[in-house]
Amino acid sequence: MKVTTIKFSISLGLLTILNLPTLASENQDWQIELQQRVHGFGVDTLFREHQLPKTIRESSYAKEAYNKGRRMLMDKEGIKALPYLAYAEHYMVAESLTALERVGAGFYEKIPENIQTQIKQALSSYNSEFSRYNNQGSIFKMYLNYWNKNEELLINSQKSSFFGSLGKLIFGDAQGEKSNSSKAFFGDLHKNPPLRFSREGTAEDLIPLLPGERDGKIKKE
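Take our numbering: the last position of the sequence shown gets the number 1069, and nothing is skipped along the way.
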């Protein structure tokens, strides 16, 4: 009975930890921080610098930025939605590409025509340059692939951290976590890279050198 109770408590605790960002989305502080995070993002930052979320919380903000941006478009808030979509695109949320494509095509109201044209041309140029370095798949599929791999890494890392801390609490001799190598995250990606260039480093840094990033620069927070 004790074992069952302990297992249940551990599972409940883990689920609570993993769902904290989701629960926080209902909190006003969460929305205020999201607004602060998207500040400075917009049409001029699209398709320039990219990074994958480094934490579950950061991942949740990126997804919520896309969701909020799309809701704002549907609510006819127009140009006010663009910082949220640009933030999501920066963090490689694949669905943001579809939303931006629809913005460029004039599907939504209260977005000036010159802004629509700018987004449409920027996305077209981005797709063209991507095709020069990658003859397989699409930008959407690449974003989705890297996002999913990163999500799996983050969740597994959080689980390991939780059980590692629990083991240290119970047994007092838990070893520190091993860092994830780039191969653990990307496998043998170097054998068939999505683009001609790629970065080297830890899993949190390794993103293909996308069009517009020929100098290998990546925004750091």
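Heads up, the beta-carbon is just placed ideally off N, CA and C, and yes, glycines get one too.
C-beta atoms of residue i and residue j nearer than 8 Å
i      : j       : result
PRO931 : GLY890  : yes
LEU882 : GLU912  : yes
LEU971 : LEU1001 : no
PHE978 : ILE987  : yes
VAL951 : GLN969  : no
Best match in the options for proximity to residue i [C-alpha to C-alpha]
i       : options                         : result
GLN1006 : LYS902, PHE988, GLN964          : LYS902
THR893  : MET990, TYR974, ASN1004, ARG980 : TYR974
GLU925  : ARG885, PHE955, ILE880, ARG896  : PHE955
LYS916  : SER944, GLU999, GLN966, MET990  : SER944
ILE1003 : ILE904, GLN969, ASP877, ASN983  : ILE904
LYS958  : ILE927, MET990, GLN876, TRP878  : ILE927
GLU999  : GLN899, ALA953, SER976          : GLN899
6 Å CB neighbourhood of residue i in its chain, flanking five on each side removed
i      : result
TYR935 : VAL886, PHE889, ALA913
ALA929 : GLY917, MET920, LEU921
ALA910 : PRO901, ALA936, TYR939, VAL941
GLN879 : none
Same chain, Cβ closer than 7 Å to residue i, five either side skipped, listed in chain order
i      : result
LEU933 : TYR914, GLY917, SER944, ALA947, LEU948
ASN983 : none
Any chain C beta carbon closer than 8 Å to residue i
i      : result
GLU949 : This model lacks chain C altogether, as it is built from one protein chain only.
Proximity test, residue i beta-carbon vs the ligand SAM heavy atom, cut-off 7 Å
i      : result
LYS911 : The ligand SAM is not among the ligands present in this structure, which contains no ligands whatsoever.
Cβ-based neighbour list, residue i, same chain, cut-off 8 Å, excluding 5 preceding and 5 following
i      : result
ALA953 : GLN964, LYS968
PRO960 : ILE927
Original post:
Counting pairs of Cβ atoms below 8 Å between the stretch 990 to 1001 and the stretch 935 to 946, do you hit three or more?
Top reply: In short, these stretches touch, since the Cβ pair count reaches three.
Subject >> Whole runs of the alpha helix (DSSP H) within the stretch 944 to 985, excluding any shorter than 4 residues >> reply: Secondary structure remark: continuous alpha helix (DSSP H) runs of at least 4 residues inside the stretch 944 to 985, in chain order: 961 to 981.
Original post:
Can you list, in chain order, the stretches of the alpha helix (DSSP H) that have 4 or more residues and sit fully within the stretch 901 to 945?
Top reply: For secondary structure counted as the alpha helix (DSSP H) over 4 or more consecutive residues, the stretch 901 to 945 holds these complete runs in sequence order: 904 to 922, 930 to 938.
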